[in-house]
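Just so you know, we're using my numbering here: the sequence shown kicks off at 1 and counts up by one. C-beta atoms are modelled at their ideal positions from N, C-alpha and C, and glycine is treated no differently.
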Amino acid sequence: MSVCLVRRSTAHLSISNVASLLICSLLCMLPMASPVRAGENGVAFKDKTAELGLEIPNAAACWADFDNDGWVDLCVSGGVWKNNRGKNFTKVFNIGSSVAADFDNDGLIDLFSWSNLSLLRNLGECKFSKFDLPNLPKCVSRGACWGDFNGDGFVDLFVGGYEDSNAGITWPYLILINERGKEFKVSQTEAKHRARGVTACDFDQDGDLDVYVSNYRLQPNLLWLNDGTGRFEDVAADRGAMATSPGFGGGHSIGAAWGDFDNDGLIDLFAGNFAHVDGRGDQPKSRFLKNLGAGNGYKLQDLGTCGVHYQESYATPSVGDYDNDGNLDLFFTTVYGTASFGRKNNAVLFRNDGKFAVTNVTSSVQLPNLPPTYQAAWADYDNDGDLDLLSAGRLFENQGNENGWLEVHLQGDGIVVNRSAIGAQVRIQLENKILTRHVEAGTGEGNQNELVLHFGLGAAKGPVDLDLFWPNATPQTVSKVSINQRVTVRFGDSTDRDEDLSRRR
Numbered sequence: 001m002s003v004c005l006v007r008r009s010t011a012h013l014s015i016s017n018v019a020s021l022l023i024c025s026l027l028c029m030l031p032m033a034s035p036v037r038a039g040e041n042g043v044a045f046k047d048k049t050a051e052l053g054l055e056i057p058n059a060a061a062c063w064a065d066f067d068n069d070g071w072v073d074l075c076v077s078g079g080v081w082k083n084n085r086g087k088n089f090t091k092v093f094n095i096g097s098s099v100a101a102d103f104d105n106d107g108l109i110d111l112f113s114w115s116n117l118s119l120l121r122n123l124g125e126c127k128f129s130k131f132d133l134p135n136l137p138k139c140v141s142r143g144a145c146w147g148d149f150n151g152d153g154f155v156d157l158f159v160g161g162y163e164d165s166n167a168g169i170t171w172p173y174l175i176l177i178n179e180r181g182k183e184f185k186v187s188q189t190e191a192k193h194r195a196r197g198v199t200a201c202d203f204d205q206d207g208d209l210d211v212y213v214s215n216y217r218l219q220p221n222l223l224w225l226n227d228g229t230g231r232f233e234d235v236a237a238d239r240g241a242m243a244t245s246p247g248f249g250g251g252h253s254i255g256a257a258w259g260d261f262d263n264d265g266l267i268d269l270f271a272g273n274f275a276h277v278d279g280r281g282d283q284p285k286s287r288f289l290k291n292l293g294a295g296n297g298y299k300l301q302d303l304g305t306c307g308v309h310y311q312e313s314y315a316t317p318s319v320g321d322y323d324n325d326g327n328l329d330l331f332f333t334t335v336y337g338t339a340s341f342g343r344k345n346n347a348v349l350f351r352n353d354g355k356f357a358v359t360n361v362t363s364s365v366q367l368p369n370l371p372p373t374y375q376a377a378w379a380d381y382d383n384d385g386d387l388d389l390l391s392a393g394r395l396f397e398n399q400g401n402e403n404g405w406l407e408v409h410l411q412g413d414g415i416v417v418n419r420s421a422i423g424a425q426v427r428i429q430l431e432n433k434i435l436t437r438h439v440e441a442g443t444g445e446g447n448q449n450e451l452v453l454h455f456g457l458g459a460a461k462g463p464v465d466l467d468l469f470w471p472n473a474t475p476q477t478v479s480k481v482s483i484n485q486r487v488t489v490r491f492g493d494s495t496d497r498d499e500d501l502s503r504r505r
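Here's what the structure looks like:
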């Protein structure tokens, strides 16, 4: 049994900007520990797939709250699964692999299926209808991401284009600009490289979203720098974002993930490379790229593997703070059960020390050897303050520890800031570290983590201040926020409404 305390008062919060915010907060004690032996940093994972009624394929996954009940739902190729208050899941709709965002700013999260290039508008209660897209160039995609690329308050789409290797075809990427929720227009398309993953982030802190493209076939990766109007220039070579090795034009990149791995307030990049044994020498391995900040032109410094041991068939990376110590950790899948020379390949959970050094903790946190998979996505499906992991068609519940946490749900006004707040960043200062999280809709190869931002706070007792960096808007600060709760922050909402917080168990 768990105990839930609901608090509706917002008197303890102050806002340091003229834009008004509505904060809805809830304090919920962690549930009683499950009888699973604790692993690294007091954390263990438990496979809850069967108990929760999930019957899902081993395909890219997307977490989002489609019915606005405060419990994150799941979309995996073949269906949308409604989360019934953390107790079980029910399949309610059929759809292909997708990424999620509110494209028409009506307060409901919609779905773009990159596997069949279709857009579905959310009608409420997990019901969807097809939304017409323009005639698109033929394209086979392995992933897409949402973001307001032209700063008009509506999210647009970047769709990666892959290949038909047998026919020697490179499919084009597509940039689809959202015309205020009424229609989409193709603004840019080119058959340039063979993309596996696309992911967006404002890495240079100029208020607009840039896009990183992970390319396969030893082709160079691309870092599309946005000028703020939705026009992009590839600056990967200039900024140090190629993620390759001497003698190679690029790597077999499958997916990448943005995250502030050293807690300096700058969002870094992890590039995930599949790396065959090669007679020319080692093919480019996976690597961390450190953001050097404004003083160095926001260049990325290639730090190498930082403890990610070699496996030939690494595929999809996904980052999240599984142990709530404040450091973003890395989960990394593989797609060969047995690689060259009979070597076994398995997915790995790497614990980050906050200084670009990671350690394999897979077995110590009770994660099993998983089969080949491109599926990796984090979410707090049971609303208990720690991140749970979906991979290889299985949902692993995080049994938690005593570290503090805070979850921040950002909502735009749909005028200046898109309703999903994609592209926004939140920073929390803790002694000598700055924890930074950003709202993204697309990571790794075709996956998506929960839109709610999750902060592990370690031994911090709080309260904490939230520094908010909305896309295309003035920064704000929300002061003295108590920890071990979820808060909702709405940009530009001058009403004095509250939301039903009884959903929390």
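Neighbour flag for residue i against chain D, beta carbons, 8 Å
{"i": "residue 79", "result": "In the structure shown, chain D cannot be found, because there is only a single protein chain."}
Reduced DSSP secondary structure (H/G/I, E/B, other) of residue i
{"i": "residue 400", "result": "coil"}
{"i": "residue 340", "result": "helix"}
{"i": "residue 237", "result": "helix"}
{"i": "residue 369", "result": "coil"}
{"i": "residue 304", "result": "strand"}
{"i": "residue 296", "result": "helix"}
{"i": "residue 147", "result": "strand"}
{"i": "residue 320", "result": "strand"}
{"i": "residue 273", "result": "strand"}
{"i": "residue 447", "result": "strand"}
{"i": "residue 360", "result": "strand"}
{"i": "residue 42", "result": "helix"}
{"i": "residue 218", "result": "coil"}
{"i": "residue 32", "result": "With a pLDDT of only 37 at residue 32, under the threshold of 50, the placement of this residue in the model should not be trusted, and no figure is reported."}
{"i": "residue 194", "result": "coil"}
{"i": "residue 249", "result": "coil"}
{"i": "residue 487", "result": "strand"}
{"i": "residue 114", "result": "coil"}
{"i": "residue 383", "result": "coil"}
{"i": "residue 25", "result": "Low local confidence applies: a pLDDT of 46 at residue 25 is under 50, so the model's placement there is unreliable, and no value is given."}
{"i": "residue 492", "result": "coil"}
Per DSSP, cross-strand counterpart(s) of residue i
{"i": "residue 212", "result": "199 and 223"}
{"i": "residue 122", "result": "128"}
{"i": "residue 139", "result": "Looking at the DSSP assignment, residue 139 forms no beta bridge with any residue, so it has no partner."}
{"i": "residue 425", "result": "438 and 469"}
{"i": "residue 456", "result": "405"}
{"i": "residue 156", "result": "147"}
{"i": "residue 175", "result": "158 and 188"}
{"i": "residue 285", "result": "In the DSSP output, where bridge partners are listed per residue, residue 285 has none listed."}
{"i": "residue 170", "result": "163"}
Residue j beta carbon less than 8 Å from that of residue i
{"i": "residue 333", "j": "residue 391", "result": "yes"}
{"i": "residue 466", "j": "residue 426", "result": "yes"}
{"i": "residue 195", "j": "residue 255", "result": "no"}
{"i": "residue 145", "j": "residue 198", "result": "yes"}
{"i": "residue 422", "j": "residue 155", "result": "yes"}
{"i": "residue 474", "j": "residue 411", "result": "no"}
{"i": "residue 43", "j": "residue 399", "result": "yes"}
{"i": "residue 378", "j": "residue 431", "result": "no"}
{"i": "residue 323", "j": "residue 105", "result": "no"}
{"i": "residue 218", "j": "residue 184", "result": "no"}
{"i": "residue 209", "j": "residue 189", "result": "no"}
{"i": "residue 335", "j": "residue 363", "result": "no"}
Residue i to residue j span [Cα, whole Å]
{"i": "residue 461", "j": "residue 186", "result": "49 Å"}
{"i": "residue 347", "j": "residue 490", "result": "37 Å"}
{"i": "residue 388", "j": "residue 319", "result": "12 Å"}
{"i": "residue 163", "j": "residue 243", "result": "21 Å"}
{"i": "residue 88", "j": "residue 51", "result": "7 Å"}
{"i": "residue 122", "j": "residue 93", "result": "11 Å"}
{"i": "residue 168", "j": "residue 265", "result": "43 Å"}
{"i": "residue 28", "j": "residue 483", "result": "Residue confidence for residue 28 is low, a pLDDT of 40 falling below 50, so the modelled location carries little weight; the figure read from the coordinates is stated next. Rounded to the nearest angstrom, the two C-alpha atoms are 10 Å apart."}
{"i": "residue 22", "j": "residue 453", "result": "Note on residue 22: pLDDT 48, under 50, position unreliable in the model; no value is reported."}
{"i": "residue 284", "j": "residue 171", "result": "24 Å"}
{"i": "residue 287", "j": "residue 222", "result": "15 Å"}
{"i": "residue 241", "j": "residue 365", "result": "32 Å"}
{"i": "residue 446", "j": "residue 213", "result": "12 Å"}
Close beta carbons around residue i, own chain, < 7 Å, minus the five adjacent residues each side
{"i": "residue 71", "result": "65, 83, 85, 86, 383 and 503"}
{"i": "residue 76", "result": "56, 57, 59 and 61"}
{"i": "residue 99", "result": "62, 112, 114, 144, 145, 146, 441, 442 and 448"}
{"i": "residue 352", "result": "261, 327, 328, 329, 330 and 358"}
Close Cβ partners of residue i (< 8 Å) along its chain, the five nearest in sequence each way excluded
{"i": "residue 116", "result": "96"}
{"i": "residue 350", "result": "307, 308, 329, 330, 331, 332, 358, 359, 360 and 361"}
{"i": "residue 371", "result": "58, 337 and 392"}
Residues near residue i in its chain [Cβ-Cβ closer than 6 Å; skip 5 each side]
{"i": "residue 433", "result": "263"}
{"i": "residue 464", "result": "428 and 481"}
{"i": "residue 506", "result": "An answer regarding residue 506 cannot be provided, because it is not within the stretch 1 to 505 covered by the chain."}
Residue i beta carbon near the ligand HEM (any heavy atom closer than 7 Å)
{"i": "residue 452", "result": "Ligands are entirely absent from the displayed structure, and the ligand HEM is therefore not among its contents."}
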